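Novice: What follows is a single structure, and I will ask about it in a moment.
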Amino acid sequence: MAAPPTIDALSQFRLATSLGPIGASVNFTNSNLIMVATAAAILALLHFGMRPRAMIPGRLQALAELCYSFIADMCLDTIGPEGRRYFPFVFTLFFFILFGNLLGLFPYFFAFTSHIAVTAALALLVFVLSIFVAVTHHGMRFFTYFFPQGAPVALAPVLVPIEILSFLSRPVSLSIRLFANIVAGHVMWEVFAGFMLILTAALGIAGGAASILPLAINVALVGFELLVAFLQAYVFAILTCLYLHDAVHLH
Amino acid sequence: MRRRLAVAIVLWSALACPAAWAQAEQGGMPQLNFANPLTTSQVVWLAIIFFALYLLVSRWALPQVTEVIEDRAASIAADLGTARQAKEAADAAAEEENRATQRARAEAQAEISGAIARAKEAAAAQSEQMNARLQAQLDTAEQRIGEARTRAMGALRQVATDTAMVVVNRLTGQPADQRAVEQAVGAALANRPG
């Protein structure tokens, strides 16, 4: 008799090497394969979308231009005129996360944004970049950022550590927010799908009929996950823009 | 609010992470299993892939979009400029035509009133001339009537005198004194009314 089905929500996040022995020899993982697919999808959208170079765009070109102007407007509105310089970076970041989230929703694909190591690396990249931008723009005046303008000097011993702590917490909150949202969605899917198997194994035909309920929840979750995939990419990108704004303008 | 949340997250992660890591050792979340070399190797590959993607996007893909969007913006601006120029030209032409119409109307009006004045003048002159001529004809006619009357009066005197002399001759049987008869006729004519 086969072992009864259990809910295995976490094995979907397990890393393995891909691309056969060559990938294994350089520890190229299944998450890296999806990263390459994501990058290819972004480049394909832009290249094939813009190939007609039409004055009146077709559907794909309109989509590519919409992506472009969406991020361009975000950069210019949030960072200001200096945002033009960081536009390619924010564009790459947003669409890397968005396409990664969306590809991760497909069965047998891997959501690389569900790995804290990946999101932390991206968040650290943003963090280091914002410090680099702030220091190149303002030199040592960058450290005045940790003391709010106009606050009484007597409060400095309290305010400065709080400001430093909130500054240092940026990459932490940035990485954990994305990681936790994507993990939660994928775990919920797996839990409800496993619940269907358990119901059917325990109650037979009646259980199979009853498992329409978890299935309905999973269908609703698909829509919810699409929203989360977009929203988390958006939050990551807009916070990146805010941090770059702080770095450029210091307050 | 956001800062407080961030602080809470920092504290949470500081407290919760070691516990989670300990759990990962016993086959918990694969994401927290940092003993697995693939967890770090995927980050190295992430760095390579993301950097390559950034270079391709910023040097190759986005400039294509920028070019098309800027071309379109330039073309739209040029079209708008042409349209604006055409509108200005049309406005100027319309104004010119308006002015020309106004001028033509004024000229026509002047022409009409001039013609009316001239016609009135001519008519007045003509009627005056006509009046003068009629007056002259009237005068000549009256003169002629007067002459005819005088002539008729002269003839009447002759006739009356001759008749009176014949009547006197018949009644008295002797010729009448011509001077006395002429005198009597003259007196009678003078007494005659009209």
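From first to last, the protein sequence lines stand for chains A and B.
When we follow the numbering used here, the leftmost residue of the first sequence carries the number 1, and every step to the right adds one.
When we follow the numbering used here, the leftmost residue of the second sequence carries the number 252, and every step to the right adds one.
Quick reminder that beta carbons are idealized off the backbone N, C-alpha and C, glycines included.
Predicted model only: the values in this text are computed from it and were never measured.
(1) Can you check the segment 288-357 of chain B for any alpha helix (DSSP H) of at least 4 residues that lies completely inside it and give the ranges in chain order?
(2) Under the assumption that residue 120(A) contacts residue 171(A) (Cβ atoms under 8 Å), give the Cβ distance between them as a whole number of angstroms.
(3) Would you mind stating whether residue 122(A) and residue 165(A) have Cβ atoms separated by less than 8 Å?
(4) Name the chain C residues that come within less than 9 Å of residue 298(B), Cβ to Cβ?
(5) To the nearest angstrom, report how far apart residue 227(A) and residue 337(B) are at their CA atoms.
(6) CB residue 38(A) to CB residue 103(A), shorter than 8 Å?
(7) If the cut is a Cβ gap below 7 Å, which residues of chain A does residue 312(B) touch?
(8) If you compare alpha carbons, which of 401(B), 433(B), 399(B) is closest to residue 415(B)?
(9) Would a C-beta distance cut-off of 8 Å place residue 79(A) and residue 244(A) closer than the cut-off?
(10) On the DSSP bridge assignment, give the partners of residue 391(B) in chain order.
(11) Give the list of continuous alpha helix (DSSP H) stretches no shorter than 4 residues that lie fully inside the segment 44-105 of chain A.
(12) For the putative contact between residue 46(A) and residue 315(B), defined by C-beta atoms under 8 Å, what is the C-beta separation to the nearest angstrom?
(13) Run the CB neighbour count on residue 34(A), radius 10 Å, all protein chains shown included, and call it buried at 16 or more, exposed below.
(14) Examine chain B for any beta-carbon lying closer than 8 Å to the beta-carbon of residue 99(A), and answer yes or no.
(15) So, at 7 Å on beta carbons, what are the nonlocal neighbours of residue 233(A) in its own chain, with the 5 sequence-adjacent residues on each side left out?
(16) For the alpha helix (DSSP H) that residue 284(B) lies in, which residues bound it at each end?
(17) Between residue 419(B) and the rest of its own chain, which residues show a CB-CB distance below 6 Å, the 5 nearest in sequence each way excluded?
(18) Does any C-beta atom of chain B lie closer than 8 Å to the C-beta of residue 114(A)?
(19) Give the DSSP-derived three-state secondary structure of residue 113(A) in the structure shown.
(20) In three-state terms, what does DSSP make of residue 6(A)?
(21) Is the number of C-beta pairs between the segment 187-196 of chain A and the segment 206-215 of chain A that are closer than 8 Å three or more?
(22) Going by the DSSP bridge assignment, what does residue 29(A) pair with across the sheet?
(23) Name, going along the chain, the residues of the segment 72-106 of chain A whose beta-carbon falls closer than 7 Å to a beta-carbon of chain B.
(24) Would you kindly work out how many angstroms separate the C-alpha atoms of residue 179(A) and residue 75(A), rounded to a whole number?
(25) Looking at chain B, is there any beta carbon in it that lies within less than 8 Å of the beta carbon of residue 68(A)?
(26) Does residue 336(B) come within less than 8 Å of chain A when only Cβ atoms are used?
(27) Where does residue 377(B) sit, in a helix, a strand or coil, going by DSSP?
(28) Taking the alpha carbon of residue 183(A) as the point to measure from, which residue in 118(A), 128(A), 219(A) has its own alpha carbon closest?
(29) Can you give me, in chain order, the residues of the segment 344-356 of chain B that have a beta carbon less than 7 Å from any beta carbon in chain A?
(30) Thinking just about the alpha-carbon of each residue, which of 4(A), 10(A), 250(A) is nearest to the one in residue 255(A)?
(31) Near residue 196(B), which residues of its chain fall below 8 Å by C-beta distance, leaving aside the five closest residues on each side in sequence?
(32) With 8 Å set as the bound, which would you pick, yes or no: does the beta-carbon of residue 289(B) sit closer than that to a beta-carbon of chain A?
(33) Is there at least one Cβ from chain B nearer than 8 Å to residue 228(A)'s Cβ?
(34) Take residue 86(A) and list the residues in its own chain whose beta-carbon comes closer than 7 Å to its own, dropping the five residues that flank it on each side.
(35) Under 8 Å Cβ-Cβ, which residues of chain A neighbour residue 283(B)?
(36) Pull up the distance between the alpha-carbon of residue 83(A) and that of residue 339(B), whole angstroms please.
Specialist: If we stick to the structure as given:
(1) Taken in chain order, the complete alpha helix (DSSP H) segments of 4 residues or longer contained in the segment 288-357 of chain B are 288-307.
(2) The residue labelled residue 120(A) in the question sits at position 120 within the first sequence. The residue labelled residue 171(A) in the question sits at position 171 within the first sequence. Beta-carbon to beta-carbon, residue 120(A) and residue 171(A) are separated by about 7 Å, close enough to satisfy the 8 Å threshold.
(3) Reading the first sequence from its first residue, position 122 is the one you call residue 122(A). Reading the first sequence from its first residue, position 165 is the one you call residue 165(A). Cβ atoms of residue 122(A) and residue 165(A): not closer than 8 Å.
(4) Reference to chain C is not applicable here, since the protein chains of this structure are A and B.
(5) For the purposes of this step, residue 227(A) is identified with residue 227 of the first sequence, where counting begins at 1. For the purposes of this step, residue 337(B) is identified with residue 86 of the second sequence, where counting begins at 1. In this structure, the CA atom of residue 227(A) is about 49 Å from the CA atom of residue 337(B).
(6) Against the first sequence, residue 38(A) aligns to sequence position 38. Against the first sequence, residue 103(A) aligns to sequence position 103. In this structure, residue 103(A) lies closer than 8 Å to residue 38(A) by Cβ.
(7) By 1-based counting over the second sequence, the position of residue 312(B) is 61. Neighbours of residue 312(B) on chain A, chain order: 43, 46, 47.
(8) Mapped onto the second sequence, residue 415(B) falls at position 164. In this structure, 433(B) is the residue among 401(B), 433(B), 399(B) with its C-alpha nearest to the C-alpha of residue 415(B).
(9) Translated into positions along the first sequence, residue 79(A) becomes position 79. Translated into positions along the first sequence, residue 244(A) becomes position 244. Contact: yes.
(10) To locate residue 391(B), count along the second sequence from 1; it is residue 140. In the DSSP output, where bridge partners are listed per residue, residue 391(B) has none listed.
(11) The segment 44-105 of chain A contains these whole alpha helix (DSSP H) runs: 59-79, 83-104.
(12) Indexing the first sequence from 1 puts residue 46(A) at position 46. Indexing the second sequence from 1 puts residue 315(B) at position 64. Right, the Cβ-Cβ distance comes to about 7 Å (below 8 Å), so this counts as a contact.
(13) Mapped onto the first sequence, residue 34(A) falls at position 34. Result: buried.
(14) In the first sequence, the residue the question calls residue 99(A) occupies position 99. For residue 99(A), not one C-beta of chain B is nearer than 8 Å to its own C-beta.
(15) As a position in the first sequence, residue 233(A) is number 233, starting the count at 1. Contacts found: 94, 97, 98, 101.
(16) Residue 284(B) sits at position 33 when you count from the first residue of the second sequence. Looking at the DSSP string, residue 284(B) is not in any alpha helix (DSSP H), and its letter there is neither H nor E.
(17) Position 168 of the second sequence, counting from 1, holds the residue named residue 419(B). Correct list, in chain order: 427.
(18) Here residue 114(A) refers to the residue found at position 114 of the first sequence. It does: the Cβ of residue 114(A) has a partner Cβ on chain B nearer than 8 Å.
(19) Working through the first sequence from its first residue, we reach residue 113(A) at position 113. Helix at residue 113(A).
(20) For the purposes of this step, residue 6(A) is identified with residue 6 of the first sequence, where counting begins at 1. The answer is coil: DSSP assigns residue 6(A) none of H, G, I, E or B.
(21) Pairwise C-beta distances place the segment 187-196 of chain A in contact with the segment 206-215 of chain A, as three or more of them are shorter than 8 Å.
(22) As a working note, residue 29(A) is residue 29 in the first sequence. 17(A).
(23) Against chain B - using a Cβ distance shorter than 7 Å - the residues of the segment 72-106 of chain A are 88, 89, 91, 92, 96.
(24) Numbered from 1 along the first sequence, position 179 holds the residue referred to as residue 179(A). Numbered from 1 along the first sequence, position 75 holds the residue referred to as residue 75(A). Spanning the two alpha carbons is a distance of roughly 24 Å.
(25) For the purposes of this step, residue 68(A) is taken as residue 68 along the first sequence, with counting starting at 1. For residue 68(A), the answer is yes, since a Cβ of chain B falls inside 8 Å of its Cβ.
(26) By one-based count along the second sequence, residue 336(B) stands at place 85. No, residue 336(B) lies away from the interface with chain A (no Cβ there is under 8 Å from its Cβ).
(27) On the second sequence, position 126 is the one that residue 377(B) refers to. Residue 377(B) carries a helical assignment under DSSP once its states are collapsed to helix, strand and coil.
(28) Counting from 1 along the first sequence, the entry for residue 183(A) is found at position 183. Ranking 118(A), 128(A), 219(A) by Cα distance to residue 183(A) puts 118(A) first.
(29) Correct list: empty, as no residue qualifies.
(30) Past the edges of chain A, shown from 1 to 251, lies residue 255(A), and the structure says nothing about it.
(31) Only positions 252 to 445 of chain B appear in the structure, and residue 196(B) is not among them; the question remains open.
(32) On the second sequence, residue 289(B) is found 38 positions in, with the first residue counted as 1. It does; some Cβ of chain A falls within 8 Å.
(33) Along the first sequence, read from residue 1 onward, the residue named residue 228(A) stands at position 228. Residue 228(A) has a beta carbon lying at 8 Å or more from every beta carbon in chain B.
(34) Here the question's residue 86(A) lines up with position 86 in the first sequence. Counting only Cβ-Cβ distances below 7 Å, and skipping sequence neighbours, we find 75, 79, 244.
(35) For the purposes of this step, residue 283(B) is taken as the residue at position 32 of the second sequence. Contacts between residue 283(B) and chain A, judged by CB atoms closer than 8 Å, involve 116 in chain order.
(36) Taking the first residue of the first sequence as 1, we reach residue 83(A) at position 83. Taking the first residue of the second sequence as 1, we reach residue 339(B) at position 88. Residue 83(A) and residue 339(B): Cα-Cα distance of roughly 38 Å.
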